[in-house]
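Residue numbers (this note's numbering), protein chains in the order written: chain A, 6 to 703; chain B, 6 to 703.
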């Protein structure tokens, strides 16, 4: 799968947003490259490349039919709020709705009627309505400032803009988005839906055949699809603008567009920045994830209940880890790095005039600035990664405690002094996620907390004063046991009382986890502040300068790095050839039967296996497409030239992980589950006749 | 600790033996640098540097008092075979002699009389008697050959030499050692003792205070010392040549020699080779170790029995992992790597004439050869690491099965066709280790096997034909469970029957693990053969050429890389200053009391704590010394200028891990437990009056 909304995702990408150049020839935006914004999509160029005839009306329809769903993407496929996404995008919801006794991951979730559709706790979905340029205001806000003052001025202005545009419209969400690494700022305004219900999920194994081993792999045999439905006031939302369902067999070479919200790319990092990612950031991230993986695997082997508890988090962790492995490989690939160095040389070669003017006006050389910042990144990254990006180790209870403590502390402050995630416009979203009734499993919570405390101590050393604050005289094992066994935050009513009670309630609380999080605020906040001041602010300012240099060198023929906002990419149904091996673009149900061994994760899901005789083995199951996607693109509608949906993007290949740093047209491939395969699943395996009728399938 | 005799140790160092240059100034062997052989020790230079007056007689006494003990070092300290080493060097023995009910790691092992000293299963100890130059014979054996033919010819000649020199002397062990990466070959002849008994071990926590967190750390507070005794014919061995025990308080700046068997350094790797270690080898090794660590930590948390079972293996794993972290840091340290590049440039600059003559005579440029081999290393390393270096994942049962199967297959072959470790001269050692009665714990064996199978599948991919052979249609979980629960190899009688029965017994066995190991011989042997042929042979040949170039450039003022053979290094008692922080060279018992928190691993061992009032808090516990040591040096006697033993080397610092690639006099430090602290432990904590009398302490 390509993306899951994990806290981990932020860590290796914390430095990175901005304008991008792919690999291959040095000229920008070659071949099928580019995650284009809808307000700067090169219609003519795409039509010329593909022989299609899309127009602005086509783009508008696609935009209004595309859905952002948590860390995933999705597409509206009926007039009654029905939305297609990936099964792995609803896996957490499925886990939360399940118990060891009634486990929808095992059985599939197949409501016979809409009344049986179940709400996903805390979930929301959004459709992008408008994009407004606010670059001038944002640039003005930061002018003349540096360090934390720069960060806070920008954050405050963004919060003010968001509040202005979304005023008195609770069904809207407004977000100021930095594009081209600060080269542009746009206000993205979304229609927001907070009642999202699960309408269908297959057996988990049908969606994850091959498990972690086949993840980021092709040929692939996974029905990684699910349906959700948007509700408002207890009824399905009317969605007259939607994709038409086209379950026809796809053809090799046909044009494909993918519309979704890729999370983050780092294509404009300088070579100095990339070497820091390679030498310091990825190794730390991967090493500690690997240990957590080992702890979780063993935890899951201890009982059936533990296996149930750990399944979804382990899949997420393994996905992040495998993506990291692909990135590590890209950054030690000498050809790939030589191509990146060549790009940088070309860019710098074209930027001589710009740089002369910039420095003459008193500006600093951004390449020099970014190079100098790397020493600080290398020095500060372990503390940032462990005490900020991964604080709590992914423990849900710790996350709730931190949110409660910080929200209480921040809500009392004026806007200009707040942590930006606690701006007034964002409190509603925080509250709904915090108060949603979701199961938590204390044993796994403790695994995470113990791991986090022990890795923090290991990487920062036992003699670091911050670690002394974190642990006192306790051990990670003892402290995590005390906190998790003693807290009552699993009860939504307790969380609600603390949220409503604000700072007085927090200060009066004797919940051990609340008291603990309070006691380490000095440490975690100061680590964050030092990182923002020393790393983020100068990086942001130098990167904005680089964006200006890039516009000067290449004009507007460049697209911005992914930022978790809606993009459109194009390509064709095609395989690839690598090191003498050619891979065909299609797999079939027949191939699935052939690959199955009966042993997990290569066992065919029982209901799917039982339907084998009803399924044409030549039906295309998955296909590879040369579109430019990355984590966050999961669930993105794959669309043909007529604007019909022909599949859902759910993955890419291990070779495609270099996509974070540059697009390589010879190997970058998206992996799509076809509407044809989904139709087979609904009709021949799970008997979802109501959905089929809604999709217009006869 | 600096070394444990783990299978893992081989993997990252497999490429590396040879002549060495430290860091700092480019001139060879600066400051206190150098792990010198006893037959080429620069007596005059050491005396000049230290103001001492050692001579050949001094060297001879030190050599005959120094002991190689498994993967560790040790020193004879009485006339009755008493030997001082580290507690961590006997930890596996202690674990094997213990049960959850009678756990000597908890209580310490404190025999009241010699009759209560217990034999360490399968252990042996050796004292180096003679060194003979066999370079000409070994060079002649390889001449004109390449690839596997070169390897086998060399192996065969070495086995022949060893057989010749040790003929009819079962108490001897002979070993042909490659020095200066094949620049020299020497026959090392040892007196071998196979009845080694445990004479004293402290409580484990007294030896490991601070656990993994304080490992490779200083200031340090660990009584990492233990005594073994050499026996023959049921009685202690007479050892008239031995170190005199000097428990006096050491002084800052005093000269110290350390005599021991450092395992492996890689100081002459070319830059191309170092980048492969950094980019490919260390990341794979560390990532998979980290996952195993996670599995083991969780396993140990499941019950008291599991905690007991996993303690010793986990300590060993964490030691290897932490050493790897130190090495990763060295290889991404830009200053360190710049110094290495400068050394290479100096060496190449001085080697122009040599290279011209070498190529004129038809030789290949060794730098070019080594550079070209790196593509193969990068391609082949995952299979080599997983299916050869780590085959079985450290499972003892798998190791026995592989030994039984291969020995049976190899013993039938003529000498020239055998795997070298099964040469006739080596069969005795294999047999005694194989048949020793040692406990194995099936649950932990399965953790290792499952981890190994699953990591092999992950790194080589599920579609690799070798993985299909390894797994068939089984899962790692199912296969490992079937093999470990079904095998009877834990019974020494079963192993003996299979060893004695040879190939017919093996082929007739229905033990599932024997059958499994037989079934994968084609895979594991061919991966090894390809590695030896494609990587090891050309690397060895190019490295021999580099050794010749080095002798030409620097004369005999260079010392060879560590090879697990006896070396002498000198330095002084001293601390260091790094990034503005100065560390003093001594710690005391008072410092131990201060550092204790009561929570593991910072809890003082109970008997030690109970003795607190009897111990002078100013007694020096550990000290740092600027000698040049590395893994394998654990237990090495630290000696003063009069040849008296003043401590046992047991560790170094994290910064010293760069020592593998180059010595940095400003930060490289050995960590020593003093004879004074050991005397306190024997006298004031554990009441070992007999040992004290034997050591001459009043």
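Heads up, the beta-carbon is just placed ideally off N, CA and C, and yes, glycines get one too.
For clarity, every value in this text was computed on a predicted model and none was experimentally measured.
Residue 589/B and residue 675/B have their C-alpha atoms some 13 Å from each other.
Listed as beta-bridge partners of residue 234/A by DSSP are 87/A, 202/A. Between residue 442/B and residue 497/B, the beta carbon gap of about 5 Å places them in contact (Cβ cut-off 8 Å).
Taking a Cβ-Cβ cut-off of 7 Å, the neighbours of residue 296/B in chain A comprise 295, 296, 298, 299, given in sequence order.
Apart from the 5 residues on each side of it in sequence, residue 250/A sits with its Cβ closer than 7 Å to the Cβ of 82, 650, 680, 700, 701, 702 in its chain, given in chain order.
For residue 639/A, the number of other beta carbons within 10 angstroms of its own is at least 16, and it is reported as buried. Residues of chain A with a Cβ closer than 7 Å to the Cβ of residue 292/B are, in chain order, 291, 292, 295. Between residue 197/B and residue 178/B a beta carbon distance of about 5 Å is seen, short of the 8 Å cut, so the two are scored as contacting. Counting of Cβ neighbours within 10 angstroms places residue 237/B among the exposed residues, the total staying below 16. Membership of residue 550/A in the alpha helix (DSSP H) is indicated by the continuous run 542 to 559.
The shortest C-alpha to C-alpha distance from residue 529/A to any of 577/A, 183/A, 91/A, 387/A is the one to 387/A. Three or more beta-carbon pairs separated by less than 8 Å are not found between the stretch 603 to 623 of chain A and the stretch 550 to 559 of chain A, which leaves the two stretches without contact. In the structure shown, residue 116/B falls within a coil segment according to DSSP collapsed to helix, strand and coil.
Taking a contact as a CB-CB distance under 8 Å, the pair residue 156/B and residue 541/B counts as one, their CB atoms being some 6 Å apart. Annotated as proximal: residue 193/B and residue 570/B, with beta-carbon spacing under 8 Å. Judged by DSSP secondary structure, residue 80/A falls within the beta strand (DSSP E) whose first and last residues are 77 to 81. Bounds of any alpha helix (DSSP H) do not take in residue 628/A; it lies within the beta strand (DSSP E) bounded by 625 to 630. Cα atoms of residue 96/A and residue 171/A: separation of roughly 31 Å, rounded to the nearest angstrom. Any Cβ of chain B closer than 8 Å to the Cβ of residue 613/A would place that residue at the interface, and such an atom is absent. Excluding its 5 nearest sequence neighbours in each direction, residue 259/A has C-beta neighbours in its own chain below 6 Å: 578, listed in chain order. Interface with chain A (8 Å Cβ-Cβ cutoff): residue 694/B is excluded. The shortest CA-to-CA distance from residue 245/B to any of 280/B, 86/B, 289/B is the one to 86/B. Inside the stretch 246 to 301 of chain A, DSSP marks whole alpha helix (DSSP H) runs of 4 or more residues at positions 276 to 281, from first to last along the chain. Contacts with chain A (Cβ-Cβ distance below 7 Å) from the stretch 478 to 499 of chain B involve 478, 479, 480, 483, listed in chain order.
The C-alpha of residue 112/A lies about 27 Å from the C-alpha of residue 438/A.
For residue 605/A, the C-beta contacts it makes with chain B under 7 Å involve 480, in order along the chain. Interface annotation, residue 470/A: not in contact with chain B, CB-CB separation never under 8 Å. Taking C-beta separations shorter than 8 Å and ignoring five residues to either side along the sequence, the partners of residue 518/B in its chain run 402, 403, 406, 488, 489, 491, 492, 494, following chain order.
By the Cβ neighbour-count rule, residue 373/B is exposed, with fewer than 16 other Cβ atoms within 10 Å of its own.
Restricting attention to 648/A, 642/A, 671/A, 627/A, the CA atom closest to the CA of residue 228/A is found in 627/A.
Residue contact with chain B for residue 463/A: present (Cβ-Cβ distance below 8 Å to some residue of chain B).
For the pair of segments examined, the stretch 270 to 278 of chain B was found not to touch the stretch 104 to 118 of chain B: the number of CB pairs separated by less than 8 Å stays below three.
Put simply, the CB of residue 202/B is far from chain A, with every gap to its CB atoms at 8 Å or more. If you draw a straight line from the Cα of residue 661/A to the Cα of residue 331/A, it comes to about 8 Å.
Look at the beta carbons and you see the stretch 315 to 324 of chain B not touching the stretch 469 to 477 of chain B: under three pairs across the two are nearer than 8 Å.
Interface with chain A (8 Å Cβ-Cβ cutoff): residue 333/B is included.
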